[in-house]
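Notes follow once the structure below has been shown.
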Amino acid sequence: MRPVRRQSGFTLLELLAVLVIIGILATFAVISVTREGPEDVLYREIARLDTLIRMLGEESILQDRQFGVSLSRDGYAFEILDGASWLELIDDPLYRARSLPGGFHFELSLDDKALSLAAGESQGEDERPAPQIFVLSSGELTPFELTVRSDKTESYFRLSGDLLGRLTLEGPLGVEDFP
Numbered sequence: 001m002r003p004v005r006r007q008s009g010f011t012l013l014e015l016l017a018v019l020v021i022i023g024i025l026a027t028f029a030v031i032s033v034t035r036e037g038p039e040d041v042l043y044r045e046i047a048r049l050d051t052l053i054r055m056l057g058e059e060s061i062l063q064d065r066q067f068g069v070s071l072s073r074d075g076y077a078f079e080i081l082d083g084a085s086w087l088e089l090i091d092d093p094l095y096r097a098r099s100l101p102g103g104f105h106f107e108l109s110l111d112d113k114a115l116s117l118a119a120g121e122s123q124g125e126d127e128r129p130a131p132q133i134f135v136l137s138s139g140e141l142t143p144f145e146l147t148v149r150s151d152k153t154e155s156y157f158r159l160s161g162d163l164l165g166r167l168t169l170e171g172p173l174g175v176e177d178f179p
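Numbering (my numbering), first residue to last: 1 to 179.
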């Protein structure tokens with residue numbers, strides 16, 4: 001008779017239990033690492049607007065159309081010049097109107113003069129003012145300086161545009177960098 005040899009090693013159940021525990025720990029590690037702070041949200045919002053204005057500038061040249069960016073204190077919308085009136089781009093999901101998350105706001109300067117931005121209430125077509133920033137088919141852009149801030153941090157980001165259509169994104173900046 002042969003002696004019975006005892007198997008050494010782990011059972012399948014033990015291996016699966018360890019894998020489940022490792023998976024749960026990895027999930028918590030990823031969640032704690034990917035939390036967005038106010039600076040991350042500030043950057044994401046201003047970088048999105050930077051990209052959209054760049055794309056709008058290219059579309060303006062390709063389509064030979066005049067576009068505009070209307071800013072409110074807490075959001076923005078894109079418009080197109082149709083004859084003598086400005087119409088909001090509502091059918092294009094890329095250029096849809098967007099709102100900033102709560103506690104975030106824009107500050108706009110044109111020609112080194114700060115403009116007062118109203119809260120983003122909807123207006124009727126007859127009351128719609130012209131956009132603050134023009135994106136022209138010649139490649140030109142209204143010179144502007146747009147700052148996005150949060151009530152939760154003193155840091156902010158600044159997007160600047162010049163007459164030649166060049167955009168510059170700066171930040172994060174602090175209170176000591178404010179002009």
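Glycine included, each C-beta is placed from N, C-alpha and C at the ideal position.
Discussion item. Assuming contact is defined by CB atoms lying nearer than 8 Å, are G139 and S155 in contact in what I supplied?
Written reply: Here residue 139 corresponds to residue number 139 of the sequence shown, with the count starting at 1. Here residue 155 corresponds to residue number 155 of the sequence shown, with the count starting at 1. No, the pair does not count as a contact, with Cβ atoms beyond the cut-off.
Worksheet entry | Identity of the residues DSSP links to K113 by a beta bridge | Locating residue 113 in the sequence shown gives position 113, counting from the first residue. K113 has L110 as its beta-bridge partners, per DSSP.
Item to complete: With distances taken Cα to Cα, identify the nearest neighbour of L144 among A114, P101, T153, A130.
Response: As a first step, residue 144 is located in the sequence shown; it is residue number 144 there, counting from the start. According to the sequence provided, residue 144 is Phe. The question's Leu does not apply to it. For F144, the nearest C-alpha among the options comes from A114.
Item to complete: For I46, I'd like the list of residues in its chain whose CB is within less than 6 Å of its CB, leaving aside the five on either flank, ordered along the chain.
Response: The sequence position of residue 46 within the sequence shown is 46, counting from 1. So the list reads V148, F157, L159, once near-sequence residues are dropped.
Discussion item. Does A84 come out as helix, strand or coil in the three-state DSSP assignment?
Written reply: Start at 1 with the first residue of the sequence shown, and residue 84 comes out as number 84. In this structure, A84 counts as coil in the three-state DSSP scheme.
Discussion item. At the level of alpha carbons, what is the spacing between S122 and G103?
Written reply: On the sequence shown, position 122 is the one that residue 122 refers to. On the sequence shown, position 103 is the one that residue 103 refers to. Note on S122: pLDDT 49, under 50, position unreliable in the model; no value is reported.
Worksheet item: G71 and L117 look like a contact to me (Cβ under 8 Å); what is the Cβ gap, rounded to whole Å?
Response: Along the sequence shown, read from residue 1 onward, the residue named residue 71 stands at position 71. Along the sequence shown, read from residue 1 onward, the residue named residue 117 stands at position 117. Note on identity: in this sequence residue 71 is Leu, with Gly being the wrong assignment. With 8 Å as the limit, L71 and L117 qualify as a contact, their Cβ atoms being about 6 Å apart.
Discussion item. Within a Cβ cutoff of 8 Å, which residues of the same chain sit near D74, ignoring the five residues on either side of it in sequence?
Written reply: On the sequence shown, position 74 is the one that residue 74 refers to. Contacts found: S99, L100, F104, H105, F106, A119, G120.
Worksheet item: Leaving out five residues before and five after L16 in sequence, what residues of the same chain have Cβ atoms less than 8 Å from its Cβ?
Response: The sequence position of residue 16 within the sequence shown is 16, counting from 1. So no residue of the chain qualifies.
Discussion item. Give me the DSSP bridge partner(s) of G75.
Written reply: For the purposes of this step, residue 75 is identified with residue 75 of the sequence shown, where counting begins at 1. Paired residues: S72, S99.
Worksheet item: What do you reckon, are the CB atoms on S109 and L42 nearer than 8 Å?
Response: On the sequence shown, position 109 is the one that residue 109 refers to. On the sequence shown, position 42 is the one that residue 42 refers to. Not in contact: S109 and L42 (Cβ atoms no closer than 8 Å).
Discussion item. Measuring straight from C-alpha to C-alpha, what distance separates R54 and L19?
Written reply: Working through the sequence shown from its first residue, we reach residue 54 at position 54. Working through the sequence shown from its first residue, we reach residue 19 at position 19. Distance from the CA atom of R54 to the CA atom of L19, rounded to whole angstroms, is 47 Å.
Worksheet item: Three-state secondary structure (DSSP) at L19?
Response: If you number the sequence shown from 1, residue 19 lands on position 19. L19 carries a helical assignment under DSSP once its states are collapsed to helix, strand and coil.
Practice prompt. From the DSSP output, in three-state form, read off S122 for me.
Written response: As a first step, residue 122 is located in the sequence shown; it is residue number 122 there, counting from the start. Any reading at S122 must be qualified, since the residue scores a pLDDT of 49, below 50, and its modelled position is unreliable; the value itself is stated next. Note: S122 maps to coil in three-state DSSP.
Practice prompt. Would you mind sorting I24 into buried or exposed? The rule is 16 or more other CB atoms within 10 Å of its CB.
Written response: Stepping through the sequence shown from its first residue, residue 24 is reached at position 24. With fewer than 16 other beta carbons inside 10 angstroms of its own, I24 counts as exposed.
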